[in-house]
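Heads up, the final residue of the sequence shown is numbered 172 in numbering that gives the first Met the number 0, and it's a clean run with no missing numbers.
Every residue gets a Cβ at the ideal spot worked out from N, C-alpha and C, and that includes glycine.
Predicted model only: the values in this text are computed from it and were never measured.
One structure is given here, and the rest of the page talks about it.
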Amino acid sequence: MGALNAYNYRMNRYRLSITTLAPDDWQEYKNIRLECLKLEAQAFHSRYEDNLEYPDGYWKDKLCDPNKIYLFARWDHQIIGTINAALNETGEDASTAEIHGFYVNAAYRGMGIGKLLIETLIGKIKETAEISRIRLWVKETQLSARHVYESMGFVLVERAGEHALVMEKQLTD
0 MGALNAYNYR MNRYRLSITT LAPDDWQEYK NIRLECLKLE AQAFHSRYED
50 NLEYPDGYWK DKLCDPNKIY LFARWDHQII GTINAALNET GEDASTAEIH
100 GFYVNAAYRG MGIGKLLIET LIGKIKETAE ISRIRLWVKE TQLSARHVYE
150 SMGFVLVERA GEHALVMEKQ LTD
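See the structure below:
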């Protein structure tokens with residue numbers, strides 16, 4: 000990386016923050032969620048059209064759920080990425096957290112933002128003493144996402160259906 004590009008990258012990093020949203024900021028969550036469902040429909044199990052119909056309280060309640068961790072990448076004042084983890088999900092081992100809803104706007108990919116979102120989420124999950132494993136599902140065709148997960152220590156543990164893979168990461172101190 001040339002000196003000018005390295006300088007621009009450092010400067011741009013200061014424009015980025017990883018944050019949570021207060022329940023009153025539900026509209027920002029709704030906007031990024033609808034964006035990812037509209038632009039990357041193949042990557043999610045939820046449908047854009049269905050999410051359009053959810054009432055305002057639905058979005059606010061999501062941000063208040065004590066069994067979820069929602070993180071957002073903010074570039075200047077705009078939310079450009081999101082990720083969340085479910086803790087104590089019904090039917091799952093209490094020691095396992097599940098990652099859902101990972102998305103970074105295409106214009107901001109390749110800058111390390113996704114990796115920073117995952118690193119920050121893992122840090123938050125580690126604060127929950129009973130969690131020792133993180134699991135996620137990824138489509139076989141999502142090569143960029145798979146590469147990021149693998150670089151973060153996630154390993155393939157099984158196939159889930161025809162086109163999905165289950166990856167896991169063991170948490171150690």
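Pair within 8 Å by beta-carbon distance, tyrosine 28 and tryptophan 58: yes
Uninterrupted alpha helix (DSSP H) stretches inside the region 47 to 100 (no shorter than 4 residues): 47 to 51 and 55 to 63
Contact set for glutamine 141: own chain, Cβ-Cβ below 8 Å, skip 5 residues either direction: Ala42
Member of Gln26, Pro54, Trp136 and Lys125 whose CA lies at the smallest distance from the CA of alanine 163: Trp136
Span of the beta strand (DSSP E) around isoleucine 133: 132 to 138
Beta-carbon proximity check, isoleucine 130 vs lysine 168, cutoff 8 Å: no
Threonine 19 to serine 150 span [Cα, whole Å]: 24 Å
Beta carbon of leucine 70 nearer than 8 Å to that of threonine 127: no
Paired residues, beta bridge with tyrosine 102 - DSSP: Thr81
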